[in-house]
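Below is one structure; the comments refer to it alone.
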Amino acid sequence: MIKRTIKPPFKLITTCSLALLSLLLPAQASEIPQPEAAPSGSVSDVIFADWIEALPPFAASTDAADGRQGLIRDIGHLLADALDKKAVFRPLPGGRIQVELIAGRVDFNCLTSPAWWAQPTEVHWTMPLFKGGEGPIMRADMADAVTTIDDLAGKTVSLYSKFKYHGPLKQLMDEERVKVLRVNSIEKALSLLRLGRTDAHIEFTSVSFHLLEDPVYRKIFKVAPLRTDTFEYSCAVADRFIPYLDTINASIRRAQENGEIANLLRRYNFPNSELLPVSALNTRWSEARQWAPDEIAWTATSEVP
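All residue numbers for the sequence shown refer to numbering that gives the first Met the number 0, where the first residue is 0 and numbers rise by one.
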């Protein structure tokens, strides 16, 4: 007797759905492992938080296709290239960045500091990229006389509404030795300065020096010698990139040693004082991953990264 093998029509196979197969073979279908939910981006992507309130030189609106550029994106591309991945930038308000990174919905928050985080030990940190500082920007005829914190005593100073200030400046405020006006924008702060309603505005020195590239501003304003706070910029890293930390830190060190980071900072008119020496970085970066709360309390300058 000849056995005949009956082959189902091709169209029947191609039109069968997975749902029908699962009904026919419920036990086997239920045992098929389901893929895990994808992390914050595809395997080939690195998602960077793009702080939407950031001022130049950290971020700036442009005519480019993606609408923004600046130091945050420059550093993001540098790290993504080191990982052989594509940099993707997710615009976020400052108050959401920490939550999104801890939840794994973004991978990196660059140009921040453990000192500014409420829970810095919940993420890992890269080695510092460079130094930063805050200080008064003032009318040009007043700035040179402000070299110590006591020189601000008796003056009216504008501060950002959403920022928290600590250290000597906070002590001056607590002692009511300085009058504070809260502002929501750099434009408002400069307007008050120009009109003589304030004597100084406390700003990131990198932002102030970038503003003074404009010759109109340079005639009116000047950065005072005083630094009310200093810190080091790093990147906070989400869990899925912890295995790559050595590669990331090696790329940062390489960019410092070959002058790539220094050239970026000079492009944005950063003061030379904020170029952290490589030798200092080599001895400090390993300490940046462990931050005790009492070390953070007096150095924090802002509630947002």
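Yeah, the Cβ is synthetic: ideal placement off N, Cα and C, and Gly gets one too.
Item                                                                                                        : Value
Alpha carbon of VAL235 to alpha carbon of GLY166, nearest angstrom                                          : Reading off the sequence, residue 235 comes out as Ala, not Val. Cα to Cα, the separation comes out at about 23 Å.
Test: ALA144 CB closer than 8 Å to a CB of chain D                                                          : You won't find chain D in this structure, because it holds only one protein chain.
N- and C-terminal bounds of the beta strand (DSSP E) containing ASN108                                      : 107-111
Distance, THR155 Cα to LEU225 Cα                                                                            : 16 Å
ASN281 to VAL222 span [Cα, whole Å]                                                                         : A caution first: ASN281 carries a pLDDT of 49, below 50, which makes its placement in the model too unreliable to give a value.
Which listed residue (SER250, ASP106, PHE88) has its alpha carbon closest to that of ASP238                 : ASP106
Straight-line Cα distance separating MET137 from LEU189                                                     : 9 Å
heavy atom of the ligand ADP below 7 Å from VAL45 C-beta                                                    : The ligand ADP is absent from the structure shown, which contains no ligands of any kind.
Boundaries of the beta strand (DSSP E) in which ILE201 is found, first to last residue                      : 199-203
Where the alpha helix (DSSP H) containing GLU99 begins and where it ends                                    : 93-101
Reduced DSSP secondary structure (H/G/I, E/B, other) of GLY131                                              : strand
Within 8 Å, strictly: CB atoms of GLY134 and ILE219                                                         : no
Rounded separation between ASP49 and ALA261 - CA only                                                       : 22 Å
Beta strand (DSSP E) runs contained entirely in the stretch 168-244, provided each spans 3 or more residues : 178-182, 199-203, 220-222, 228-236
Secondary structure of THR125, DSSP reduced to three states                                                 : coil
Segment contact flag, the stretch 209-218 with the stretch 120-132, C-beta cutoff 8 Å, min 3 pairs          : no
Cβ contact (3+ pairs, closer than 8 Å) linking the stretch 77-84 and the stretch 95-104                     : no
Test item: CB-CB of PRO92 and ILE46 under 8 Å                                                               : no
Expected contact under 8 Å - CB spacing of CYS330 and ILE71 to nearest Å                                    : For residue 330 there is no data in the structure shown, the boundaries of the chain being 0 and 304.
Candidates SER184, VAL179, ALA139: closest to PRO214 by CA position                                         : ALA139
Where the beta strand (DSSP E) through LEU54 begins and ends                                                : Where LEU54 is concerned, there is no enclosing beta strand (DSSP E), given that its DSSP letter is neither H nor E.
C-beta contact flag for LEU171 and LEU191 at 8 Å                                                            : no
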